[in-house]
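So the structure is just underneath, and the comments pick up after that.
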Amino acid sequence: MPRTMVTLRCSYCKNLFEIEECEFNRGGGKYCSQKCFSDYCRDPNTIKKRFWAFIKIGKKKDCWVWTGGFRTDGYGLFGYRIDGKTKLISAHKFSYIIYYGKIRDGLFVLHDCDNKACCNPHHLFLGTQQDNMDDKVLKGRQSCGEKHYKAILTVKKVQKILLLRRLGFHKRDIANMLNISISRVYAVLGRHAWKSVKI
Ligand SMILES: [Zn+2]
Ligand SMILES: [Zn+2]
Numbered sequence: 001m002p003r004t005m006v007t008l009r010c011s012y013c014k015n016l017f018e019i020e021e022c023e024f025n026r027g028g029g030k031y032c033s034q035k036c037f038s039d040y041c042r043d044p045n046t047i048k049k050r051f052w053a054f055i056k057i058g059k060k061k062d063c064w065v066w067t068g069g070f071r072t073d074g075y076g077l078f079g080y081r082i083d084g085k086t087k088l089i090s091a092h093k094f095s096y097i098i099y100y101g102k103i104r105d106g107l108f109v110l111h112d113c114d115n116k117a118c119c120n121p122h123h124l125f126l127g128t129q130q131d132n133m134d135d136k137v138l139k140g141r142q143s144c145g146e147k148h149y150k151a152i153l154t155v156k157k158v159q160k161i162l163l164l165r166r167l168g169f170h171k172r173d174i175a176n177m178l179n180i181s182i183s184r185v186y187a188v189l190g191r192h193a194w195k196s197v198k199i
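For the sequence shown, position 57 (counting from the first letter as 1) is numbered 57 according to my numbering, and the numbering increases by one without interruption.
Structure (structure tokens):
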């Protein structure tokens, strides 16, 4: 039986190549070679493309929710292969790295919006482990309000933050003025922490 060949274009190197029709019918023929396939898997651009395909991208103010797999603690989890190894990374962290670049040692990617599934780089900022803990406290994930021993803010301080913000001060200036970390300011102004406090 004569073998029928099909001519296709490799979706990675874009060169034309031939495969048997039966192979094509089985769903093969995306890549001209094993090499093109593994290069495709390693290509940082295709990794990024795959990554963003998992995210519902919306407006700058909206949360861009991760639709892939999740870590047990509620953060999105993204896996990719590079140099023959599978790497796993928190989705929000990967989003931060793609958008802003490398993360300095000892710093963590925190959410301004308190939505663990959110990968909107505009809602992410860097903080220390302590900031992360304070943030959790402030956002009421561990305990609430002033009662918790780690809560550094008081109702008075929170009111001051809200007031200074209303007066038009920048978040960084407010942090400096009150001698607190910027993540605490973000947590308060980000709608979730100390919600009950009004001015
Ligand atoms: Zn190819
Ligand atoms: Zn968000």
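We put the CB at the ideal spot given by N, CA and C, even for glycine.
Because the structure is a prediction, the values reported are computed rather than measured.
By the neighbour-count criterion, in which 16 or more other beta carbons inside 10 Å mark a residue as buried, Tyr-100 falls on the exposed side. By alpha-carbon distance to Lys-157, the top candidate from Gln-130, Thr-128, Ala-187 and Asn-132 is Ala-187.
Assignment of beta-bridge partners to Glu-18 by DSSP yields Thr-7.
The region 60-67 makes contact with the region 117-126, as at least three CB pairs between them are under 8 Å. Membership of Arg-166 in the alpha helix (DSSP H) is indicated by the continuous run 155-166. In this structure, the CA atom of Ser-196 is about 11 Å from the CA atom of Gln-159. Here Thr-67 carries a coil assignment [DSSP, helix/strand/coil]. Shortest Cα-Cα distance from Gln-129 to any of Leu-110, Asn-115 and Asp-114 involves Leu-110. Listed in chain order, the non-local C-beta contacts of Thr-86 below 7 Å within the same chain comprise Gly-79, local neighbours out to five positions each way being set aside. Residue burial annotation: Val-155 is exposed, with fewer than 16 other C-beta atoms found within 10 angstroms of its C-beta. Here Glu-18 is actually not in contact with Arg-3; their C-beta atoms are around 10 Å apart, not less than 8 Å. Just so you know, the alpha carbons of Asn-115 and Gly-29 end up roughly 41 Å apart.
The secondary-structure analysis by DSSP pairs Tyr-80 across a beta bridge with Lys-87. Straight across, the Cα-Cα distance linking Leu-77 with Trp-52 is about 13 Å.
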